[in-house]
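Working notes, beginning with the structure itself.
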Amino acid sequence: MTKLLFKSDLDRADLWASALLKHKPDLEIEVWPSGAPAPEGDPASIDYALVWKPPLGVLKSLPNLKAIFSLGAGIDHIFRDPELPEGVPVVRMVERGLTAGMTEYVVMQVLYHHRRMLDYRAQQRNRVWNELPFVASWDRRVGILGLGQLGSDAAAKLAGLGLDVAGWSRSPKDIPGVTSYSGAAGLEEFLARTEILVCLLPLTEETRGILGAETFAKLPKGASVINVGRGEHLVEADLLAALESGQVDSATLDVFAEEPLPESSPFWDHERVIVTPHVASITVPDTAAEAVAANIARIERGEAPANAVDRAKGY
Ligand code: NAP
Ligand code: GLV
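When you number the sequence shown by the numbering used here, it's gap-free, plus one each residue, and the end is 831.
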């Protein structure tokens, strides 16, 4: 019998259990009770952990763990644990529901800024009937920071809509219709041509604070910024200053350094900012369980799991 420990305070464990059993009927599932400091069963009986924000120091107490699966694409919630067991692979969530959801959200927000919907909403509030200048899609330059599982799909779909799309990643990419920039050397040129900037990077020591004053200053004046990576990518005070000066015209923020976003945050009622509560994309239990089951099968065959984090790169 293979035993999997499930830990999330956000998701319904019963939904996950039935999705996992559909794809791996012989799995034994132990649910880590919400709010409990540690799992209640025998730690030595756990083969796999499927987790979101596990409490610090607990994963190291599972001596027979073969892999740690993240319930989300991001793994910063796992790597914040200084006592994370060394030799155990940590696996990112890669599943088509998460990718489709993120592409939907990014396309929606890019089009919202491209078609000046914040301005039209403001006009509507004031009963103003006024046509604003129109920019053709092929003249609108969108730039995506991070061309991984999520960024590459969003970039390809935006290019399919006819927008002028570029992306920035550590290594060069070959995505039809998408101009690739890479490494520190490519960043400046990428930013200089980007009117709508989307952050889909993982949070690492290299990417923390990348959405800050230096980056905003390199964008064309009046650019829009969409952050769907992590809150710590953004320097909030720098964005507020850039909005104030008009260097950044508008923003969409889905993720924040402090979540839930505190009531006192100036973003809540900022006229030029759209706030959503970390919902750009949500892991879909059925397709995610299929991906986890396939990876367990790989490990049980003695193969390496797909989408394991490269600890040296940090993502
Ligand atoms: P991924 O497949 O690991 O892709 C990461 C991309 O970032 C890769 O293209 C990588 O370049 C690039 N990158 C990383 N560090 C870099 C650096 N220092 N310089 C330049 N490029 C760098 O990750 P993913 O699955 O697309 O997910 C991305 C992130 O989205 C997650 O980590 C998570 O934080 C966020 N997310 C948010 C939500 C939400 O609801 N808001 C939902 C899901 C995910 P290479 O390709 O060259 O390695
Ligand atoms: C959500 O933020 C994720 O990382 O999947």
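For each residue, glycine too, the CB sits at the ideal point set by N, CA and C.
CB contact flag (residue 540, residue 804, <9 Å): Start at 1 with the first residue of the sequence shown, and residue 540 comes out as number 24. Start at 1 with the first residue of the sequence shown, and residue 804 comes out as number 288. Cβ atoms of residue 540 and residue 804: not closer than 9 Å.
Report yes if the CB atom of residue 566 is closer than 9 Å to the CB atom of residue 623, and no otherwise. For the purposes of this step, residue 566 is taken as residue 50 along the sequence shown, with counting starting at 1. For the purposes of this step, residue 623 is taken as residue 107 along the sequence shown, with counting starting at 1. The Cβ atoms of residue 566 and residue 623 lie no closer than 9 Å to each other.
Residue 680 versus residue 710: straight-line alpha-carbon distance, rounded: Within the sequence shown, the letter at position 164 stands for residue 680. Within the sequence shown, the letter at position 194 stands for residue 710. Looking at the two C-alpha atoms, the distance is approximately 9 Å.
Any heavy atom of ligand 1 within a distance shorter than 8 Å of the CB on residue 612? The residue given as residue 612 occupies position 96 in the sequence shown. No, the beta carbon of residue 612 sits no closer than 8 Å to any heavy atom of ligand 1.
Among the candidates 581, 784, 667 and 519, whose CA atom is the shortest distance from the CA of residue 745? In the sequence shown, counting from the first residue as 1, residue 745 sits at position 229. The shortest Cα separation from residue 745 among 581, 784, 667 and 519 belongs to 667.
Check whether the region 534-548 touches the region 766-776, counting contact only when three or more Cβ pairs, one atom from each stretch, lie closer than 8 Å. Here the region 534-548 does not lie against the region 766-776, with fewer than 3 beta-carbon pairs under 8 Å apart.
Bridge-paired residues (DSSP) for residue 737: Counting from 1 along the sequence shown, the entry for residue 737 is found at position 221. In DSSP, residue 737 forms no bridge with anything.
Look up residue 680 in the DSSP assignment and give the residues it is bridged to. One-based indexing of the sequence shown puts residue 680 at position 164. Partner(s): 657.
Host beta strand (DSSP E) of residue 650 (start-end): Your numbering for residue 650 matches position 134 in the sequence shown. In the DSSP annotation of this structure, residue 650 is not part of any beta strand (DSSP E), being labelled neither H nor E.
Report yes if the CB atom of residue 781 is closer than 9 Å to the CB atom of residue 629, and no otherwise. For the purposes of this step, residue 781 is taken as residue 265 along the sequence shown, with counting starting at 1. For the purposes of this step, residue 629 is taken as residue 113 along the sequence shown, with counting starting at 1. Taking C-beta atoms as the reference points, residue 781 and residue 629 fail to come closer than 9 Å.
What are the boundary residues of the beta strand (DSSP E) that includes residue 585? Residue mapping note: residue 585 aligns to position 69 of the sequence shown, counting from 1. Annotation for residue 585: the continuous beta strand (DSSP E) segment containing it runs 583-586.
Burial state of residue 625, where buried means 16 or more other Cβ atoms lie within 10 Å: In the sequence shown, the residue the question calls residue 625 occupies position 109. By the beta-carbon neighbour count (other beta carbons within 10 angstroms, threshold 16), residue 625 is buried.
For ligand 1, is there a heavy atom less than 8 Å away from the beta-carbon of residue 682? Sequence index remark: in the sequence shown, residue 682 carries index 166 (1-based). Taking the Cβ of residue 682 as the reference point, every heavy atom of ligand 1 lies at 8 Å or farther away.
With a cut-off of 5 Å, give the chain-ordered residues whose Cβ is closer than this to any heavy atom of ligand 2. Residues lining ligand 2 by the Cβ criterion, that is a Cβ closer than 5 Å to any of its heavy atoms, are 588, 589 and 590 in chain order.
Answer with yes or no whether the minimum CB distance from residue 526 to chain D is below 9 Å. Absence of chain D from the displayed structure is noted, only one protein chain being present.
Who are the near neighbours of residue 734 in its chain, counting only those whose CB is closer than 7 Å to its CB and skipping five residues on each side? Taking the first residue of the sequence shown as 1, we reach residue 734 at position 218. Closer than 7 Å at the Cβ level, and outside the excluded window around residue 734, lie 704, 707 and 708.
Inspect the beta-carbon positions of residue 663 and residue 716 and report whether they are closer than 9 Å. Counted from its first residue, the sequence shown places residue 663 at position 147. Counted from its first residue, the sequence shown places residue 716 at position 200. Contact flag set, yes.
Cβ-based burial, residue 470 [other Cβ within 10 Å; buried from 16]: In the structure as shown, the chain begins at 517 and stops at 831. Residue 470 is therefore absent and cannot be evaluated.
If we count Cβ pairs, one from each stretch, closer than 8 Å, do we get three or more for the region 581-596 versus the region 776-796? Look at the beta carbons and you see the region 581-596 not touching the region 776-796: under three pairs across the two are nearer than 8 Å.
Are the CB atoms of residue 674 and residue 713 nearer to each other than 9 Å? Translated into positions along the sequence shown, residue 674 becomes position 158. Translated into positions along the sequence shown, residue 713 becomes position 197. No. Outside cutoff.
Name the residue from 561, 635, 529 and 523 whose alpha carbon lies nearest to the alpha carbon of residue 802. For the purposes of this step, residue 802 is taken as residue 286 along the sequence shown, with counting starting at 1. Considering only alpha carbons, the answer is 529.
Cα-Cα separation, residue 784 to residue 685: As a first step, residue 784 is located in the sequence shown; it is residue number 268 there, counting from the start. As a first step, residue 685 is located in the sequence shown; it is residue number 169 there, counting from the start. Approximately 31 Å, taken between the alpha carbons.
Leaving out the 5 sequence neighbours to the left and right, which residues in its chain are closer than 6 Å to residue 523 when beta-carbon positions are compared? Residue mapping note: residue 523 aligns to position 7 of the sequence shown, counting from 1. Closer than 6 Å at the Cβ level, and outside the excluded window around residue 523, lie 548, 567 and 570.
For residue 884, which option in 799, 775, 800 and 806 has the closest C-alpha, if you only look at C-alpha atoms? Because the chain here runs from 517 to 831, residue 884 falls outside it and cannot be looked at.
Touch test, the region 816-824 against the region 599-608, Cβ-Cβ under 8 Å, three pairs minimum: Yes, since at least three Cβ pairs between the region 816-824 and the region 599-608 fall closer than 8 Å, the two stretches touch.
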